[in-house]
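See structure below.
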Amino acid sequence: MDEERTVRGWFEPWWDAYVEIAPHAERARALLRPSGGILGMDHIAVRTFATPRLGMRRLAPRLEAAGYQQTGSYEFGEKRLRAVSYSHRSAPLPRIFISELVLSAFTREFRELVSRCDSRQEHDAPDLLWNPECPWRTLSSTEYATLRAESEYGAWVGAYGLRVNHFTIGFQQLSGFESLEEVNDHLLASGFELNGGTQPIQGSKERLLEQSSTVAELVDLKFSDGKVERVRSCYVEFARRYRDNMGNLFDRFVTSQADTIFESTDMNRSVDPG
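Here the sequence shown stands for residues 9 to 282, numbered as in the numbering used here.
Quick look at the structure:
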């Protein structure tokens, strides 16, 4: 019980930090009124760089000590990412999905810039994620542009740091909807913009997982050189899981679907959803 109580305490600070830069997430929760609150959500996701101090391997011991166990690993070749997923072995708590940018796949200039970004941080990965008093030291606007030229994901991490990138509302938390399409229609009618263009739902019942997401809203971000730019922050995801032929609820993720969900923070969009 002490272990479960400790883990339950993680999510409220993560949610507070998340909605601070993505207020539309709070609006989505108020609109949909998901049962179970944030502890009933499907999963949360974290982004980082694959460096010795900041990589996802640094986070694994804290997760495993708190009762989480790894359920899958994933490779995203085109985006040069890898990821792992965790589920709690005994408590009905949100899954945790952690991804990292694989630096060896980038140019020397990019790698050196990420190395400088890493060296500026006064804290390692666990403190940056679990301790809200440990801030991320951001890039200059020029450095942000340099990262973005090679990777939207890398630029996002450079700007916002190792943190929860989104919360995901589970379809089972919602009432009054027969399908994820109906949820999306309700969001669109309420002024939200969805990722995915003409195909906002990724996946299918046959794949045992359907997902959709909002487009991350634009917020004013002040860089280390004092310049303020409009940068996409965080988004909200929605997931519907199905049971397999053995009656087991699908507990992992689908690489091709997650690949599209990542693009919810891409800057190459012309419409501000906020």
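Where a beta carbon is used, it is the ideal one built from N, C-alpha and C, also for glycine.
Near the ligand NAP: residue i beta-carbon under 7 angstroms from a heavy atom
i, result
"E20", "Absent from the structure shown: the ligand NAP. Ligands present: none."
Supposed contact pair residue j and residue i - C-beta distance, whole angstroms, cut 8 angstroms
i, j, result
"L137", "V122", "No, L137 and V122 are not in contact; Cβ-Cβ is about 18 angstroms, not under 8 angstroms."
"N173", "R248", "Not really, about 20 angstroms apart at Cβ, beyond 8 angstroms."
"L147", "F231", "6 angstroms"
"Y94", "Y76", "4 angstroms"
"P42", "I177", "5 angstroms"
"R240", "A224", "4 angstroms"
"L170", "G162", "Contact doesn't hold; Cβ gap of about 13 angstroms is too wide."
"Q219", "G48", "Not really, about 17 angstroms apart at Cβ, beyond 8 angstroms."
"G45", "R260", "Not a contact, Cβ separation roughly 24 angstroms."
Alpha helix (DSSP H) segment containing residue i, residue limits
i, result
"D267", "263 to 269"
"D228", "Counting along the chain, D228 falls outside any alpha helix (DSSP H), though it belongs to the beta strand (DSSP E) covering 226 to 230."
"V122", "116 to 128"
"E83", "Premise fails: E83 lies in the beta strand (DSSP E), 76 to 84, not in any alpha helix (DSSP H)."
"H32", "31 to 40"
"R70", "68 to 73"
Terminal residues of the beta strand (DSSP E) in which residue i lies
i, result
"L111", "Counting along the chain, L111 falls outside any beta strand (DSSP E), and DSSP gives it neither H nor E."
"Q249", "Per the sequence presented here, residue 249 reads as Arg, with Gln not at that position. From DSSP, the beta strand (DSSP E) with R249 extends over 243 to 249."
"R283", "It is not possible to answer for residue 283, since the shown part of the chain is limited to 9 through 282."
"R55", "51 to 57"
"L257", "Premise fails: L257 is in no beta strand (DSSP E) and is neither H nor E."
"L216", "Note, L216: premise wrong, no beta strand (DSSP E); not H, not E."
"R90", "89 to 96"
Local Cβ density within 10 Å of residue i, reported as buried at 16 or more and exposed below that
i, result
"R58", "Residue identity differs from the one stated: residue 58 is Ala in this sequence, not Arg. Burial call: buried."
"E28", "exposed"
"G17", "exposed"
"G211", "buried"
"T150", "exposed"
"T273", "buried"
"N139", "exposed"
"S127", "exposed"
"E245", "buried"
"Q207", "exposed"
"A53", "buried"
"T14", "exposed"
"T222", "buried"
"D115", "According to the sequence shown, residue 115 is Thr rather than Asp. Classification of T115: exposed, given that the 10 Å Cβ count is below 16."
"L195", "buried"
"V279", "Low confidence applies here, because V279 scores a pLDDT of 41, under 50, leaving its location unreliable; read the following figure in that light. Classification for V279: exposed."
"E201", "buried"
"A197", "exposed"
"P21", "exposed"
"P102", "buried"
"S98", "exposed"
"S159", "buried"
is_contact[residue i, chain D] using C-beta, thresh 8 angstroms
i, result
"V172", "The chain inventory of the structure shown lacks chain D, comprising one protein chain alone."
Ignoring anything shorter than 4 residues, give me the alpha helix (DSSP H) runs that lie fully in the stretch 139 to 164, in order along the chain. 149 to 156
Counting beta carbon pairs with one atom in the stretch 31 to 38 and one in the stretch 85 to 97, are three or more of them shorter than 8 angstroms? no
Threshold first: 4 residues or longer. Then list the alpha helix (DSSP H) segments lying entirely within the stretch 157 to 213, N to C. The stretch 157 to 213 contains these whole alpha helix (DSSP H) runs: 160 to 168, 188 to 197.
Segment contact, 8 angstroms Cβ cut-off, at least three pairs: the stretch 244 to 264 with the stretch 59 to 71: no
Are there three or more Cβ pairs, one per stretch, closer than 8 angstroms when the stretch 212 to 225 is compared with the stretch 262 to 272? yes
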